[in-house]
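Structure first, then comments.
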Amino acid sequence: MIKIQEKDFNIEDEINRIKLQHLNVGAVSTFVGYVRSLNNQQKVTSINLEVYKDMAYKSLKNICLKAEEKWSMIDTLIIHRFGKLNVKEKIVLVATFSIHRKESSNACNFIMDYLKKDAPFWKKEFYNDNYEWLQNN
Amino acid sequence: MIIKYFAWLKNFTNTEEERIDNKNITDVKTLKEFLLKKYPELSQYMKDDEFIRVAINLEYVTTNKTIDPKDEIALFPPVSGG
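Quick note, the sequences are listed as chains Y and F, same order. Residues in the first sequence are numbered from 47 upward in steps of one, following this note's numbering. Residues in the second sequence are numbered from 159 upward in steps of one, following this note's numbering.
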């Protein structure tokens with residue numbers, strides 16, 4: 047499931063909602079990204095996340111399908127927020143569900159690597175008196 | 159065709175979306191040539207073919223693909239999600 051939304055979310059609720067649908071889940075791997083207070087040696091006040099929503103849905107769905115082809119997965123959840131986010135707020139959750147640990151762990155890393163490289167989101171980071179558009183390496 | 163611009167590219171185009179109907183634009187190459195004339199300040203970023211990325215109908219293109227007038231084109235700088 048892919049969710050692209052402005053509002054915050056509760057990690058445990060989101061995972062439990064999926065886990066309840068699949069009684070054979072034995073492993074859940076997660077990655078959670080947060081807005082941090084220091085970046086580029088500057089104090090961050092907030093970020094604004096822009097998204098090309100239609101393409102983000104399509105490309106994230108494709109990468110989940112690729113992960114499911116590579117590893118035996120039961121389900122996948124990606125939640126990526128957009129709009130204004132303050133320091134400490136959650137940006138993204140990737141949760142992968144499988145029977146065993148290795149599959150979920152590998153798939154979670156694979157999806158995050160892709161997301162960082164290709165998913166059409168852009169961070170504008172605000173400092174005390176200026177801002178900068180970020181670029182993933 | 160509809161052209162969408164994202165992130166700091168909008169600083170140069172002053173719009174996030176525009177409709178361009180020009181029969182000389184038939185592929186990605188002719189589109190880029192057209193945009194460079196319209197927005198000369200973009201040239202410093204479009205010298206490197208891979209810096210500004212192009213998507214046609216929500217799919218990245220890395221070669222000189224044909225463009226149909228009904229296509230949705232998107233131009234955007236390197237991403238920074240996650």
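Even glycine gets a Cβ: it sits at the ideal position worked out from N, Cα and C. Bear in mind that the values here come from a model prediction, so they are computed numbers and not experimental data.
For the alpha helix (DSSP H) that contains R127(Y), what are its first and last residues? Looking at the DSSP string, R127(Y) is not in any alpha helix (DSSP H); the run it does join, the beta strand (DSSP E), is D121 to R127.
For a cutoff of 8 Å on Cβ pairs, would you count A113(Y) as touching chain F? Not an interface residue.
Leaving out the 5 sequence neighbours to the left and right, which residues in its chain are closer than 8 Å to L84(Y) when beta-carbon positions are compared? Cβ neighbours of L84(Y) beyond the five flanking positions: V90.
What is the DSSP secondary structure of T184(F), counted as helix, strand or coil? Look at T184(F) here: in three-state DSSP terms it is coil, with no helix or strand label.
Do the region 116-133 of chain Y and the region 178-197 of chain F make contact, defined as three or more Cβ pairs closer than 8 Å? No, because fewer than three Cβ pairs between the region 116-133 of chain Y and the region 178-197 of chain F fall closer than 8 Å, the two stretches do not touch.
Beta strand (DSSP E) runs wholly inside the region 202-237 of chain F, at least 3 long, in chain order: Counting only runs of 3 or more, we get 211-214, 217-219 and 230-234.
Please return the same chain residues whose Cβ sits closer than 6 Å to the Cβ of G79(Y), not counting the five positions on each side in sequence. Within the same chain, and ignoring the five residues on either side of G79(Y) in sequence, the residues whose Cβ sits closer than 6 Å to its Cβ are I137 and V138.
First and last residue of the alpha helix (DSSP H) that includes I50(Y)? If you look at I50(Y), you'll find it isn't in any alpha helix (DSSP H); it sits in the beta strand (DSSP E) that goes I48 to Q51.
Alpha carbon to alpha carbon, how far is G240(F) from V140(Y)? Give it in angstroms, no decimals. Roughly 9 Å separates the two Cα atoms.
Whole angstroms is fine: what's the gap from P227(F)'s alpha carbon to L66(Y)'s? Going by C-alpha positions, P227(F) is about 47 Å away from L66(Y).
Using the DSSP secondary-structure output, state which residues sit across from E176(F) in a beta bridge. In the DSSP output, where bridge partners are listed per residue, E176(F) has I161(F).
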